[in-house]
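There are 2 protein chains.
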Amino acid sequence: MSTNPTAAVLVIGNEVLSGRTADANINILARRLGEVGITLAECRVVKDIAEHIITALNALRTQYTYVFTTGGIGPTHDDITMASVAKAFGVAIERNLQVEGKLREYAGSRLTNATLRMADYPAGARVVWHGEGYAPGCIMENVVIMAGQPRIMQVMLEAALPLLKQGQPVHARQVDAWIYESAIAEGLEAVQSRFPNLDIGSYPYRIEGRAGTALVARGTHLADVEEAFAAINKLLDDLGAERRAA
Amino acid sequence: MSTNPTAAVLVIGNEVLSGRTADANINILARRLGEVGITLAECRVVKDIAEHIITALNALRTQYTYVFTTGGIGPTHDDITMASVAKAFGVAIERNLQVEGKLREYAGSRLTNATLRMADYPAGARVVWHGEGYAPGCIMENVVIMAGQPRIMQVMLEAALPLLKQGQPVHARQVDAWIYESAIAEGLEAVQSRFPNLDIGSYPYRIEGRAGTALVARGTHLADVEEAFAAINKLLDDLGAERRAA
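Chains A and B supply the protein sequences, listed in that same order.
Position 199 of the first sequence, counted from 1, bears residue number 199 in our numbering, the numbering being contiguous throughout.
With positions in the second sequence counted from 1, the corresponding number in our numbering is that position plus 246.
Shown next as structure tokens:
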């Protein structure tokens, strides 16, 4: 997977840290980025505090090919993502007149100064049009800025993906067996050693008191994934492990 | 909330970054820590790579009162949390004989070398017994090390909480109204200015095409929360906003 572009997700939102909202975007992004061959390497969740956003963003954007931010781009006082990204890059905030026009059209008599804040972007950012009736996200150098609401985030993500470098999609094969994780741990380590470019994972669980483990081989090279998966199944056969229908 | 102990959550697990698993622990921890007056200030998700774990842990443990880690404490090759925490603190890994005894008792004839890895802790860590039939988590200075499975994580968390400093519980009041967020943004900012110690949040949504916003006042000082909540309701009354039954 080492040649794929890498990414970090930066979730901006007090509501996730207070527990009011369970973040759904990390999982959506993890799956979708895997499909297009962008390797998600790290996530952070920070409060709506400019200094925290800037520190995290500057750490991540220099370390990974892309950073995807979610949250903090609405019309209210705590929506400070655009201003914080601008500060992180040392640029001003500029009103985008095309977006302003669309917002005026969309809001009509409901228009307020707060609505118009959603037309403000870091200078130099590329607005990513998506064809729906609310302000678009943007790409500032290698930072993709999106909304916090998962439905809107996904619209913005799909609009941004064609503009990004993509890599080899990730393939995964999984088998579930009624087996203790510790029984297969040693054999699994040997499989991991044979395939250093794959992620070999094991995820134990209990169903009605019975111990099971999900075993996963994951990577960008399909033939290796298939071969490692065969090796895992061989281990399970040797242990006489009953498979669980997933 | 400034006098409450602070915390970060460090989620350790390729499975969250690959999208295989949707993390549930951040939300569970956010809510529970709020109840006992520990302010969750940041979360990170990192891969099962020692260097990544150590870097994140050293950044977080020096910045917050507590760090809660989840994941990577099982019997397999990718369970490297205990070893990584030991390296972050510059101490060795030691087998805990009491835990080893319990694991031998519990595993019986299923015992493997992999099972016994779960009795290894950073030297100086306090094992946190929880009375259930699997290896306990531990506390290493200000770092609380727990499992990734949410059910087991919660058992370990409840065992650890009485050993930690706690603060003022967080109170929250929420009202939902059929109103555009931009219509109330300006008024809400004034409420936030009056109550700098509270988090005043607004969370827009759409239900069958109709725009609504959830408005939340949150903080440790109940009287302030109530007063800010009354101010928010006054704003809604002034705007003639119809409430939505939550």
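Built from N, CA and C at the ideal position, the CB exists for glycine as well.
None of these values were measured; they are calculated from a predicted model.
Q) Measuring CA to CA, which of B/Asp-422, B/Asn-304, B/Thr-322, B/Pro-415 is closest to A/Glu-186? A) Considering only B/Asp-422, B/Asn-304, B/Thr-322, B/Pro-415, the residue with the shortest C-alpha distance to A/Glu-186 is B/Thr-322.
Q: Quick one: grab the DSSP three-state call for B/Phe-314.
A: In the structure shown, B/Phe-314 sits in a strand (DSSP, three-state: E or B).
Q) Using the rule of at least 16 other Cβ atoms within 10 Å of the residue's Cβ for burial, across every protein chain shown, is B/Arg-307 buried or exposed? A) Classification for B/Arg-307: buried.
Q) Which same chain residues, not among the five before or five after A/Ile-26, have their C-beta less than 8 Å away from its C-beta? A) Result list for A/Ile-26: Val-9, Val-11, Cys-43, in chain order.
Q: Kindly indicate the opening and closing residues of the alpha helix (DSSP H) around B/Gly-347.
A: If you look at B/Gly-347, you'll find it in the alpha helix (DSSP H) that goes 343-353.
Q: On a CA-only basis, which of A/Val-36, A/Val-16, A/Lys-87, A/Arg-20 is nearest A/Thr-6? Give me that one, please.
A: Checked all of A/Val-36, A/Val-16, A/Lys-87, A/Arg-20; the closest Cα to A/Thr-6 is A/Val-36.
Q. Taking a cut of 8 Å between CB atoms, which residues from the stretch 78-109 of chain A lie near chain B?
A. Cβ contacts with chain B: Asp-78, Ala-107.
(Q) For A/Leu-97, tell me which candidate among A/Gly-74, A/Tyr-121, A/Asp-79, A/Ser-202 has the shortest Cα-Cα distance. (A) Among A/Gly-74, A/Tyr-121, A/Asp-79, A/Ser-202, the Cα nearest to that of A/Leu-97 is on A/Tyr-121.
Q) Along chain A, in chain order, which residues have C-beta atoms closer than 7 Å to that of B/Gln-438? A) From the beta-carbon of B/Gln-438, the residues of chain A found nearer than 7 Å are His-77.
Q: Starting from A/Asn-233, find everything on chain B with Cβ-Cβ shorter than 9 Å and list it in chain order.
A: When 9 Å is used as the limit between beta carbons, A/Asn-233 is near no residue of chain B, the shortest such separation being about 17 Å.
Q: For A/Ile-232, count neighbouring C-beta atoms within 10 Å of its own C-beta (all shown protein chains included) and say buried if the count is 16 or more, exposed if not.
A: A/Ile-232 is classed as buried because its beta carbon has at least 16 other beta carbons within 10 Å across all chains shown.
Q: Check whether the stretch 325-344 of chain B touches the stretch 148-161 of chain A, counting contact only when three or more Cβ pairs, one atom from each stretch, lie closer than 8 Å.
A: Pairwise C-beta distances place the stretch 325-344 of chain B out of contact with the stretch 148-161 of chain A, as fewer than three of them are shorter than 8 Å.
Q) Does A/Thr-115 get closer than 9 Å to chain B when you measure Cβ to Cβ? A) Cβ-Cβ to chain B under 9 Å: yes for A/Thr-115.
**Q.** Bounding residues of the alpha helix (DSSP H) (the contiguous stretch that carries A/Asp-238)
**A.** Here the alpha helix (DSSP H) through A/Asp-238 covers 222-238.
Q | Cβ-heavy atom distance, A/Val-144 to the ligand GDP, below 8 Å | A | With respect to the ligand GDP, the structure shown offers nothing to examine, as it has no ligands at all.
Q. Tell me the DSSP bridge mates of A/Arg-6?
A. A quick correction: the sequence has Thr, not Arg, at residue 6 of chain A. Paired residue(s): A/Thr-39.
Q.
For a minimum of 3 consecutive residues, which ranges assigned as the beta strand (DSSP E) are wholly contained in the stretch 429-470 of chain B?
A. Segments of the beta strand (DSSP E) lying fully in the stretch 429-470 of chain B: 445-453, 456-465.
Q. Is the Cβ of A/Arg-244 closer than 9 Å to any Cβ of chain B?
A. A/Arg-244 does not count as touching chain B.
Q: Please report how far the alpha carbon of A/Ala-160 lies from the alpha carbon of B/Ala-460, in whole angstroms.
A: A/Ala-160 and B/Ala-460 have their alpha carbons spaced roughly 29 Å apart.
Q. What distance in whole Å lies between the Cβ atoms of A/Leu-40 and A/Leu-29, which are believed to be in contact at a cut-off of 8 Å?
A. In this structure A/Leu-29 touches A/Leu-40 by the C-beta definition: roughly 7 Å separates them, less than 8 Å.
Q) Thinking just about the alpha-carbon of each residue, which of A/Ser-193, A/Gln-166, A/His-171, A/Ala-211 is nearest to the one in A/Ile-179? A) Of A/Ser-193, A/Gln-166, A/His-171, A/Ala-211, the residue nearest in Cα terms is A/Ala-211.
Q: May I have the straight-line CA-CA distance separating B/Phe-335 from B/Val-313, to the nearest angstrom?
A: The straight-line gap from Cα to Cα measures roughly 13 Å.
Q) Between A/Ala-172 and A/Phe-195, is the Cβ-Cβ spacing less than 9 Å? A) Cβ atoms of A/Ala-172 and A/Phe-195: not closer than 9 Å.
**Q.** CB contact flag (A/Gly-19, A/Asp-48, <9 Å)
**A.** Not in contact: A/Gly-19 and A/Asp-48 (Cβ atoms no closer than 9 Å).
Q: Output yes if chain C places a C-beta closer than 9 Å to the C-beta of A/Gly-37; else output no.
A: Reference to chain C is not applicable here, since the protein chains of this structure are A and B.
Q: Specify, as a first and last residue, the run of the beta strand (DSSP E) that A/Met-146 falls within.
A: In the DSSP assignment, A/Met-146 falls within the beta strand (DSSP E) that extends over 143-146.
**Q.** Spatial distance of B/Arg-278 from A/Ser-109 (CA atoms)
**A.** For the pair B/Arg-278 and A/Ser-109, the Cα-to-Cα distance works out to about 43 Å.
Q: Could you check how far apart the C-beta atoms of B/Leu-403 and B/Met-386 are, in whole angstroms? I think they sit under 8 Å.
A: Contact doesn't hold; Cβ gap of about 16 Å is too wide.
Q.
Quick check: is the beta carbon of B/Glu-472 nearer than 9 Å to any beta carbon in chain A?
A. Among the residues facing chain A, B/Glu-472 is not included, as its CB has no counterpart in that chain under 9 Å away.
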